[in-house]
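All remarks here apply to the structure that follows.
Numbering (this note's numbering), first residue to last: 9 to 117.
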């Protein structure tokens with residue numbers, strides 16, 4: 009049986025990512041960034057997003073969270089995603105699931 013040390017593997021991966029981010033900064037003068045869209049107040053989603061922010065910061069990524077209330081209109085979310093897609097400073101967009109029932113997940117992701 010092979011035993012894997014998950015904490016050690018995660019630490020090694022974080023260190024590799026940190027080095028890659030530093031390389032991007034020095035070679036291209038660009039800091040990669042992750043923007044997370046969080047809709048509603050579900051505690052597990054809020055914790056998950058907070059952990060993503062922490063992990064991004066640890067490796068040197070820009071991190072932004074855009075929060076919307078549970079009753080946000082689907083069009084508002086889609087417009088924000090379109091705006092972020094056009095923003096060169098945003099490297100990745102993550103929409104935290106689950107979404108409220110009135111928002112079509114297929115349209116959003």
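Even glycine gets a Cβ: it sits at the ideal position worked out from N, Cα and C.
Outcome for residue i when other beta-carbon atoms lying within 10 angstroms are tallied against a minimum of 16
i, result
"residue 43", "buried"
"residue 105", "exposed"
"residue 11", "exposed"
"residue 117", "exposed"
"residue 51", "exposed"
Paired residues, beta bridge with residue i - DSSP
i, result
"residue 33", "In DSSP, residue 33 forms no bridge with anything."
"residue 73", "44"
Under 7 Å between C-beta atoms of residue i and residue j
i, j, result
"residue 107", "residue 73", "no"
"residue 26", "residue 32", "no"
"residue 48", "residue 97", "no"
"residue 111", "residue 78", "no"
Same chain, Cβ closer than 7 Å to residue i, five either side skipped, listed in chain order
i, result
"residue 16", "none"
In chain order, which continuous runs of the alpha helix (DSSP H) of length 4 or greater are located wholly inside the segment 26 to 71?
51 to 67
At 4 residues or longer, what runs of the alpha helix (DSSP H) sit wholly inside the segment 81 to 110?
Taking only runs of at least 4 residues, the alpha helix (DSSP H) segments lying wholly in the segment 81 to 110 are 82 to 93.
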